[in-house]
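Encoded as structure tokens, the structure appears first; notes follow it.
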Amino acid sequence: MRIENLPDELFLYIFSFIEPNDLLKGWYNLNYHINMILRSVEIRINIKNNDDFNNSLPYFKHFCSQITHLKDERFFPDTQIDLRSLINIRFLYLTHCSKEQYQHINPDNQPYLTHFFSSSLPWSFHERILFEQARFPYLISIGCPRGTSIYLLSVTNPINRTIRHLHLHSASNEIIYKFIQYLPSIVSLTVDYLYTNSSYSPLLFTDSRVRRLNIVNSLSSQFHLEQLLLSVRFSDLTYLCIIFDTCDFHQLAYTLTKFSCLEHFNLRVNTYPSGLNLMATRLMSPWFLSLNYEQIINRYSQKQTILINNIRK
């Protein structure tokens, strides 16, 4: 049996695991049939911070109209990517985005964009694609690095009901509250750094549709985080992942009783009393049953933390 006689679907499956550079050098121009199959392959490209993009230019230019996933992690790119060529892009992640590039990000150039994140864009860009007329019709996931930018919002009565996933680099309770007001259909929320606003004011109660909440680093107190959880009323919450420097386990156990839909709870506590009674703490809540110590090792130090990773059966 000749390899060309294999089903096209099998070729597409195999090609999905092969790097674009290898597809171009190893498979392109073998024959007409293979070339036709290659034209239907969805291309995924990941560029690391130290990668030389010039090495990727040949296959990038060849497959540009087939790229559906692009993640560029370069902080200071020597060669900029022409985003106008990415007409079928779905997932776009740019650590650094130049002014020329973000001017080329619009529904005419990337009509099928569903996920977008960049850590270097002005708020005016996010305002344009979220609340003004030139919205992406399929956009459901957005990363707005500077949460405080929401206070710059100038559009009257802005509401966007298409965004489902929101990733904030930094935010306070008040900022999260505002985003939920303006993006009421969010079901997944990630905050890299949660901090306490110095001019703190109590939050009004509101409802949200958030089912997954991930607080990567909590710079605010446990009290402020729990106030966010209770005041926003995450009644549909099924997944909760948080990191504390210190933890009042009694108070946390009480807070968790408010989430009847919770299915997955992940907690890490960086600092804890030396005489902490693990057995007694585990009995405070069914969610604490897997509580245990974990060694965290990085390039600078080694430390012991407390970890909970519990899934309701």
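As numbered in my numbering, residues 4 to 316 make up the sequence shown, in order.
Every residue gets a Cβ at the ideal spot worked out from N, C-alpha and C, and that includes glycine.
Got a sec, what are the start and stop residues for the alpha helix (DSSP H) residue i sits in?
i: Ala256; result: 252-259
i: Ile179; result: 176-185
i: Asn32; result: Premise fails: Asn32 is in no alpha helix (DSSP H) and is neither H nor E.
i: Phe128; result: 126-134
i: Arg285; result: 281-285
i: Phe56; result: Phe56 -> no alpha helix (DSSP H), and no H or E assigned at all.
Among the candidates the options, whose CA atom is the shortest distance from the CA of residue i?
i: Lys261; options: Leu270, Leu240, Ile246; result: Leu240
i: Leu232; options: Phe66, Glu177, Asp248, Thr98; result: Glu177
i: Arg315; options: Thr308, Asn8, Pro289; result: Pro289
i: Ser277; options: Ala256, Cys264, Gln307, His267; result: Gln307
i: Glu45; options: Leu27, Tyr35, Phe18; result: Phe18
i: Cys244; options: Asn32, Leu15, Ser191; result: Ser191
i: Glu76; options: Phe120, Tyr105, Ile92, Arg93; result: Phe120
i: Met282; options: Thr274, Tyr296, Asn269, Thr71; result: Tyr296
i: Ile179; options: Leu155, Gly150, His168; result: Gly150
For the beta strand (DSSP E) that residue i lies in, which residues bound it at each end?
i: Ile145; result: 144-149
i: His99; result: No beta strand (DSSP E) holds His99; DSSP gives it neither H nor E.
i: Thr71; result: 70-75
i: Ile50; result: 46-50
i: Phe79; result: No beta strand (DSSP E) holds Phe79; DSSP gives it neither H nor E.
i: Leu216; result: 215-221
i: Phe119; result: 118-121
Would you kindly work out how many angstroms separate the C-alpha atoms of residue i and residue j, rounded to a whole number?
i: Asn53; j: Met287; result: 47 Å
i: Tyr141; j: Leu116; result: 6 Å
i: Tyr62; j: Ala256; result: 53 Å
i: Gln136; j: Lys28; result: 43 Å
i: Arg5; j: His118; result: 40 Å
i: Ile153; j: Tyr105; result: 19 Å
i: Val272; j: Asp251; result: 10 Å
i: Ser188; j: Leu33; result: 48 Å
i: Ile90; j: Arg164; result: 24 Å
i: Leu222; j: Asn109; result: 35 Å
i: Glu7; j: Ile37; result: 7 Å
Bridge partners of residue i, per DSSP?
i: Phe237; result: Phe237 pairs with nothing; no bridge assigned.
i: Phe268; result: Leu243, Asn313
i: Thr199; result: Paired residue(s): none; Thr199 is not in a bridge.
Taking three-plus beta-carbon pairs below 8 Å as touching, is the region 57-66 in contact with the region 94-107? Contact fails between the region 57-66 and the region 94-107, because fewer than three Cβ pairs, one in each stretch, are under 8 Å apart.
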